[in-house]
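Engineer: Protein chains in written order, with my numbering: chain A, 16 to 581; chain B, 534 to 830.
Structure provided below as structure tokens; questions to follow.
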Ligand SMILES: [Cu+2]
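Structure, rendered in structure tokens:
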């Protein structure tokens with residue numbers, strides 16, 4: 016792929032940029048076999064992201080079929096069985112096969128580079144966690160050959176028990192959770208150990224980049240939450256295959272137990288998906304407003320706070336189940352508490368832009384899109400946290416709209432900002448700005464057209480997961496608008512896919528540091544050589560690249576002064 | 534660099550105009566249910582309470598949303614990159630950060646207070662009207678303590694049973710043999726003015742009882758009893774459907790509540806009761822005849 020420069024680069028021109036000094040770095044091996052056997056964190060990262068994109072497109076097509084079915088009232092386009100399989104696959108794919116791998120891809124590629132490490136702590140384990148993910152995807156999509164699960168991504172028992180789901184689709188879903196769960200669990204251990212032990216000299220905890228902070232927090236959340244869902248699906252598996260009755264009320268089991276176990280994992284999962292996006296936004300905004308992040312410590316504290324409270328509020332997904340009054344109140348107030356650190360972050364990001372010098376690049380645009388969209392998702396979350404109000408909104412399209420505002424507006428917009436920001440580092444080439452801007456506006460408009468109106472559909476009484484509805488009130492209009500929006504959104508995503516495919520080959524050469532970044536990944540070449548750095552600079556602040564740039568400017572001035580004879 | 538900046542400004546101005554138009558139209562839309570607020574309309578106090586609580590929180594939400602969006606748009610327009618613009622190198626501001634943290638907390642305290650003030654109307658059932666009182670009967674609260682009863686303890690209690698893919702209702706009966714109870718599928722008939730207490734069960738998988746105009750939804754969970762209530766003042770038909778995925782025909786598991794004035798309700802009830810007694814007698818006669826025919830000489 017790349018050959019690293021063998022001599023130190025010669026500085027020319029008036030504006031010096033710091034460049035990597037990579038003497039005799041090993042070149043990357045080439046050929047497909049080298050990809051299958053690689054333990055290089057960057058290649059594993061790229062494979063994660065490629066797998067993520069593949070499943071994003073698959074999950075997106077599933078969503079479009081769902082929207083086509085709902086475009087008209089009393090539609091007969093697809094059968095109820097196909098419809099239930101589609102939303103089960105859509106949700107499962109987007110969470111476990113798109114977002115988790117995509118974030119793992121960013122983390123794999125960037126965490127070692129940002130902390131000045133040469134690889135992850137356990138490179139072979141890292142490769143294992145990627146291939147386990149692939150296995151999970153294959154096992155789950157293999158069920159297309161017989162009959163896919165129809166129980167939704169939440170797979171509530173007893174609907175998911177053999178009595179009501181006799182085919183093996185649910186078992187395939189269980190194995191997907193197991194395989195991707197082990198993948199994420201060891202991946203999280205790897206990230207945690209890497210961050211804890213392999214930081215560059217001088218990178219104390221108060222100088223760790225914010226993306227790395229969010230990945231550290233995310234890995235802790237995964238380590239807490241994943242064993243619980245692993246236990247739950249194992250119990251479901253023994254119920255289905257070996258005659259236990261954990262979730263079978265007719266034999267003394269409890270169907271509410273499944274909900275508790277699922278959401279003990281499922282709610283932290285939301286933060287597992289959005290915290291890394293928060294990290295990306297916290298990296299992108301300072302670079303393009305040319306200002307330090309506003310309130311670094313507050314953002315770190317808010318990240319940790321969200322993680323701690325986020326593990327204690329799972330039953331706000333269960334306000335309509337038979338829960339005692341005291342628990343309703345506890346989970347409502349707990350959920351309110353999360354709004355505080357989240358609000359703090361939104362203000363910190365806004366004030367990072369305040370009095371800056373904002374450059375509207377594509378990463379900036381997606382970050383701004385994130386702020387507006389996620390803000391509304393957060394606000395509708397307050398409505399849902401109030402349990403009497405949730406009694407009306409729960410399990411309706413209002414909730415569907417809410418979590419798409421937080422997951423797409425939060426995680427996906429963050430990932431797209433990160434993609435446009437770091438693509439030059441991944442590939443050595445820039446993504447097209449013009450195409451990127453077209454893509455951004457199409458996605459933004461498509462998203463709001465699709466999902467804003469779904470709040471109204473839910474308020475008018477439309478439950479989620481229905482394959483058809485009668486045209487009462489304005490339901491058909493709402494759904495038609497939503498379907499049209501979803502196709503606009505799809506065009507926007509397609510533009511970014513085209514952008515990636517064309518830019519990999521013919522994008523403008525990026526150079527090591529096209530954006531004048533703040534963090535250490537920009538110290539290496541684009542893409543970095545196999546071992547990233549051969550000298551790692553001493554870190555003196557959260558923005559080591561800014562320090563290095565200043566230092567070089569000073570040296571340059573000095574050498575110029577020395578060169579001019581008095 | 535002038536044109537992109539101008540284009541951007543135009544774009545932002547457009548965004549601002551569109552979003553402000555949306556928010557101006559909101560108070561106008563408040564009147565019509567289902568667009569920006571939950572349904573109500575049967576005159577039952579719990580649905581009214583949820584709707585007004587939602588709207589109160591909605592006012593706060595609109596203020597916060599417009600405020601933050603306004604600040605963001607202002608920042609983006611004013612501090613866009615320009616020649617000679619120098620980004621200020623501040624790292625934070627403790628006083629500012631503490632104040633918005635406290636501000637966010639205060640808003641949430643306010644929402645909590647409003648919620649607890651409104652909660653009584655939503656959670657605690659009132660007494661039935663005098664006209665419907667004779668239909669009700671005194672109930673001892675369930676042992677799990679989750680069923681709320683009116684101050685006088687008198688309700689008209691109906692059992693709701695969810696099964697794939699239909700709702701079945703059982704009506705209270707003075708008859709000691711509850712096999713003779715009046716029952717109906719899909720359509721529940723209730724008297725207006727009575728506090729109707731529902732006990733919700735499920736027979737197979739989880740379902741969720743929900744009639745939007747009559748308040749919140751409550752899950753039917755196999756192995757558990759769930760409770761809710763309503764007190765309708767407007768006679769009419771209120772429609773809803775199962776709100777928890779329960780299998781392939783989940784979308785077809787519809788429900789409706791027909792509210793009749795107490796006298797008409799009593800007439801409907803008596804008709805049902807007579808029909809059941811009649812069917813029982815027919816069955817008994819047929820059974821006796823069959824026994825006699827096979828008994829032989
Ligand atoms: Cu149902």
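We treat Cβ as the ideally placed atom computed from N, Cα and C, and that holds for glycine.
Using a threshold of 9 Å, state whether the C-beta atoms of residue 433/A and residue 514/A are closer than that.
Structural biologist: Cβ distance not < 9 Å, so residue 433/A and residue 514/A don't count as in contact.
Engineer: Just checking my contact of residue 658/B with residue 728/B at CB under 8 Å: how many whole Å lie between their CB atoms?
Structural biologist: Contact holds; Cβ gap of about 5 Å.
Engineer: Strictly under 9 Å for the Cβ-Cβ distance: is residue 347/A near chain B by that measure?
Structural biologist: Chain B contact via Cβ: present.
Engineer: What is the DSSP secondary structure of residue 173/A, counted as helix, strand or coil?
Structural biologist: Coil at residue 173/A, not helix or strand.
Engineer: Put residue 576/A into one of helix, strand or coil per three-state DSSP.
Structural biologist: Residue 576/A: helix per DSSP, three-state reduction.
Engineer: Locate the beta strand (DSSP E) running through residue 789/B, then write down its first and last residues.
Structural biologist: Start and end: 787-793.
Engineer: Any beta-carbon of chain A closer than 9 Å to the one on residue 564/B?
Structural biologist: Unreliable placement is indicated for residue 564/B, whose pLDDT of 44 sits below 50; the coordinate value is still reported in the next sentence. It does not: the Cβ of residue 564/B has no partner Cβ on chain A nearer than 9 Å.
Engineer: Please decide whether residue 586/B counts as near chain A, where near means a Cβ-Cβ distance under 9 Å.
Structural biologist: Yes, because at least one Cβ of chain A sits closer than 9 Å to the Cβ of residue 586/B.
Engineer: In chain B, which residues lie less than 7 Å from residue 354/A when you measure between Cβ atoms?
Structural biologist: Those are 637 and 641, listed as they occur along chain B.
Engineer: Between the region 416-423 of chain A and the region 373-392 of chain A, can you find at least three pairs of beta-carbon atoms closer than 8 Å?
Structural biologist: The region 373-392 of chain A vs the region 416-423 of chain A: in contact.
Engineer: Could you please tell me which residues of the region 735-756 of chain B, in chain order, have their CB closer than 8 Å to any CB of chain A?
Structural biologist: Residues passing the 8 Å Cβ filter: 737, 738, 739, 741, 743, 745, 748, 749, 750, 751, 752, 754, 755 and 756.
Engineer: Residues of the region 600-612 of chain B with a CB closer than 8 Å to any CB of chain A: list them in chain order, please.
Structural biologist: So the list reads 601, 602, 604, 605, 608, 609 and 612, given in the order they occur along the chain.
Engineer: Can you grab the Cα-Cα spacing for the pair residue 101/A / residue 215/A, in whole Å?
Structural biologist: Approximately 46 Å, taken between the alpha carbons.
Engineer: Under a Cβ-count criterion, where at least 16 other Cβ atoms within 10 Å of its own Cβ denotes burial, should residue 564/B be classed as buried or exposed?
Structural biologist: Note that residue 564/B scores a pLDDT of 44, beneath 50, so its modelled location is shaky; the value from the coordinates is reported in the next line. Exposed is the call here.
Engineer: Only counting the same chain, and skipping five residues up and downstream in sequence, which positions put a Cβ closer than 8 Å to that of residue 186/A?
Structural biologist: For residue 186/A, where only same-chain residues beyond five positions count, the Cβ hits under 8 Å are 252, 255 and 256.
Engineer: Report the option in 771/B, 789/B and 622/B whose CA atom is closest to the CA atom of residue 366/A.
Structural biologist: Comparing Cα-Cα distances from residue 366/A to each of 771/B, 789/B and 622/B, the minimum goes to 622/B.
Engineer: Check the Cβ-Cβ distances between residue 185/A and every residue of chain B, and say whether any is below 9 Å.
Structural biologist: No, its Cβ sits nowhere closer than 9 Å to a Cβ of chain B.
Engineer: Using a beta-carbon distance below 9 Å, is residue 651/B in contact with chain A?
Structural biologist: Output row for residue 651/B: interface = yes.
Engineer: Nearest chain B C-beta to residue 486/A closer than 9 Å, yes or no?
Structural biologist: No - not a single Cβ of chain B is within 9 Å of the one on residue 486/A.
Engineer: Does the beta-carbon of residue 697/B, which I'm using as the reference point, lie nearer than 8 Å to any heavy atom of ligand 1?
Structural biologist: Yes, the Cβ of residue 697/B comes within 8 Å of a heavy atom of ligand 1.
Engineer: Would you mind listing the alpha helix (DSSP H) stretches within the region 300-364 of chain A that are 4+ residues and don't spill past its ends, in chain order?
Structural biologist: Qualifying alpha helix (DSSP H) stretches, in chain order: 311-325.
Engineer: Looking at the C-beta of residue 802/B, does it have a partner C-beta in chain A at a distance below 9 Å?
Structural biologist: Chain A contact via Cβ: absent.
Engineer: Three or more C-beta pairs under 8 Å: does that hold for the region 746-755 of chain B against the region 764-780 of chain B?
Structural biologist: Because the criterion of three Cβ pairs below 8 Å is met, the region 746-755 of chain B and the region 764-780 of chain B touch.
Engineer: Are the CB atoms of residue 60/A and residue 119/A within a distance shorter than 9 Å?
Structural biologist: Yes, the Cβ-Cβ distance between residue 119/A and residue 60/A is below 9 Å.
Engineer: Using the three-state DSSP reduction, which class does residue 568/A fall into: helix, strand or coil?
Structural biologist: Residue 568/A falls in the helix class under three-state DSSP.
Engineer: Buried or exposed: residue 685/B, going by 16 or more other Cβ atoms within 10 Å of its Cβ?
Structural biologist: Result: exposed.
Engineer: Buried or exposed: residue 383/A, going by 16 or more other Cβ atoms within 10 Å of its Cβ?
Structural biologist: Its Cβ being crowded by 16 or more others within 10 Å, residue 383/A is buried.
Engineer: Whole angstroms is fine: what's the gap from residue 362/A's alpha carbon to residue 524/A's?
Structural biologist: One C-alpha to the other measures close to 36 Å.
Engineer: Residue 407/A CB to nearest chain B CB: under 9 Å?
Structural biologist: Answer yes: the Cβ-Cβ gap between residue 407/A and chain B drops below 9 Å somewhere.
Engineer: With a cut-off of 8 Å on the beta carbons, I'd call residue 411/A and residue 319/A a contact; round off their distance for me.
Structural biologist: Between residue 319/A and residue 411/A the Cβ distance is about 33 Å, and since that is not below 8 Å, they are no contact.
Engineer: May I have the straight-line CA-CA distance separating residue 115/A from residue 288/A, to the nearest angstrom?
Structural biologist: Cα-Cα distance, rounded: 7 Å.
Engineer: Quick check: does the Cβ of residue 477/A come within less than 8 Å of any heavy atom belonging to ligand 1?
Structural biologist: Because no heavy atom of ligand 1 lies under 8 Å away, the Cβ of residue 477/A does not count as near it: no.
Engineer: Quick one: Cα of residue 803/B to Cα of residue 796/B, how far?
Structural biologist: If you take the alpha carbons of residue 803/B and residue 796/B, they lie about 11 Å apart.
Engineer: Taking only heavy atoms of ligand 1 into account, decide whether any of them is closer than 8 Å to the Cβ of residue 670/B.
Structural biologist: Checking the Cβ of residue 670/B against ligand 1 gives no.
Engineer: So is the beta-carbon of residue 741/B under 8 Å away from any non-hydrogen atom of ligand 1?
Structural biologist: Yes; taking the cut-off as 8 Å, the Cβ of residue 741/B has a heavy atom of ligand 1 nearer than that.
Engineer: If you drop the 5 nearest sequence neighbours on each side, which residues of the same chain put their C-beta closer than 8 Å to that of residue 702/B?
Structural biologist: Closer than 8 Å at Cβ, skipping near neighbours: 691, 692, 693, 694, 716, 717, 718 and 721.
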